[in-house]
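So for the sequence shown, the working numbering puts the first residue at 156; every next one is plus one. Positions of the beta carbon are idealized from the N, C-alpha and C atoms, including for glycine. The structure presented is a predicted model; accordingly, all values stated were derived computationally and were not measured. Each remark here refers to the structure printed beneath this line.
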Amino acid sequence: MQWRHSPPGSRITPRIARGLLLGLVVLGVLAGCGGKKGGATQTAARVNKDEVTVHQINFVLQQQRNLQPGQADGAAKQVLERLIDQQIAVQRAEDLKLDRDPRVVQTVEAARREILARAYAERVGEAAAKPTAEEIKAYYDANPALFSGRRIYSLQELQIEAQPDQLPLLREKLQGAKNIGEFADYLKANDFKFAGSQAVRAAEQLPLASLTALSQLKDGQSLLNPNANGATVVVLAGSRPQPVDEARAKPAIEQFLLNERKRDLVGRDMKELRAAATVEYLGKFADAASAPAAAPAAAASAASQPHDLTEGLKGLKKTK
156 MQWRHSPPGS RITPRIARGL LLGLVVLGVL AGCGGKKGGA TQTAARVNKD EVTVHQINFV
216 LQQQRNLQPG QADGAAKQVL ERLIDQQIAV QRAEDLKLDR DPRVVQTVEA ARREILARAY
276 AERVGEAAAK PTAEEIKAYY DANPALFSGR RIYSLQELQI EAQPDQLPLL REKLQGAKNI
336 GEFADYLKAN DFKFAGSQAV RAAEQLPLAS LTALSQLKDG QSLLNPNANG ATVVVLAGSR
396 PQPVDEARAK PAIEQFLLNE RKRDLVGRDM KELRAAATVE YLGKFADAAS APAAAPAAAA
456 SAASQPHDLT EGLKGLKKTK
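As structure tokens, then:
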């Protein structure tokens, strides 16, 4: 598919088209409910002095991603009732002058800032180029643990409290133990505090860094990784292959790569805007002027990347 330039506001995306279709269905529902009192109207209900509109109903319906046009009839009526209750609550809050409460004002302003910032990021991200078939294939081939060599992992995990100088001995004892139970007995006998857990995870549910190491293990093998409180021991109790072919993985990879490009675009644009902005730290925050302020944002962006694949591959867990 090739991208074609369209004048602002002229593009009809699948989401917009779906919204228009739902809107037409909602109008039909409301017209039918109105009987002989009038034709289709943009006002769905009057609540004292205020109105609940079709646009409000459509907005709520468009947030329900799995809603099909055939379900819009019942859903629209349910949404309308919720909006009526909401409007009644808003009117009562205004009667009580809660809209002037400093905490409420602060919350509304914070929501406004968040919405505008998200809208900015979405607008900048629209310039991201859609991944090509070659790029999708390259990512598929470069990550066999996620796709062609994908496995479902049965994991046993121990969180151990220990000092850094104790880790070499713990690693040695782990390697020498016949099973995780024997290693746990050693920890108990030597007064190590630890907590255990078990889980079954698909490849895409694991952090990419952990998956790389786990995918190289055979059943029964284990890893010991240092952490802030001591060490985390992960034992691969068992696994079963459940590969995903390229055709089935393509939508998830495409969305992942596209989101990655959007993040990069937003990051670069924010860096330029930040460099051009005049920022003055005051009071106790004056020392922040020399701190790497962008590092947490970059870390958060990187941490969110596996989530895209997890969401995209949710429907593939039963692939055979």
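- One Cα belongs to residue 406, the other to residue 295, and the distance between them is close to 11 Å.
- A contact between stretches requires three or more CB pairs, one per stretch, nearer than 8 Å, and the stretch 368-388 meets this requirement with the stretch 300-317.
- Closest option to residue 357, judged by alpha-carbon separation, among 301, 264 and 408: 301.
- Spanning the alpha carbons of residue 225 and residue 208 requires a straight line of approximately 21 Å.
- Each residue's CA atom was taken as its position, placing residue 317 and residue 363 some 26 Å apart.
- Nearest to residue 329 by alpha-carbon distance, out of 388, 285 and 280, is 388.
- In the three-state reduction of the DSSP assignment, residue 309 falls in the strand class.
- Between the alpha carbons of residue 198 and residue 233 lies a gap of roughly 16 Å.
- In the three-state reduction of the DSSP assignment, residue 391 falls in the strand class.
- It is roughly 22 Å from the alpha-carbon of residue 349 to the alpha-carbon of residue 393.
- Note on residue 203: under 16 other CB atoms within 10 angstroms of its CB, so exposed under the neighbour-count rule.
- Here residue 379 carries a strand assignment [DSSP, helix/strand/coil].
- Relative to residue 322, the option among 288, 380 and 336 whose CA is nearest is 380.
- Restricted to the stretch 312-366, the alpha helix (DSSP H) segments that are unbroken, complete and at least 4 residues in length are 322-331 and 335-344, listed in chain order.
- With fewer than 16 other beta carbons inside 10 angstroms of its own, residue 229 counts as exposed.
- Under a 10 Å Cβ-count criterion, residue 359 is classified as buried, with 16 or more other Cβ atoms of the shown protein chains found around its own Cβ.
- The Cβ neighbour count for residue 377, taken over all protein chains shown within 10 Å, is at least 16; the residue is labelled buried.
- As summarised for the stretch 191-276, the continuous beta strand (DSSP E) elements at least 3 residues long and confined to that stretch are 198-202 and 205-208, given in chain order.
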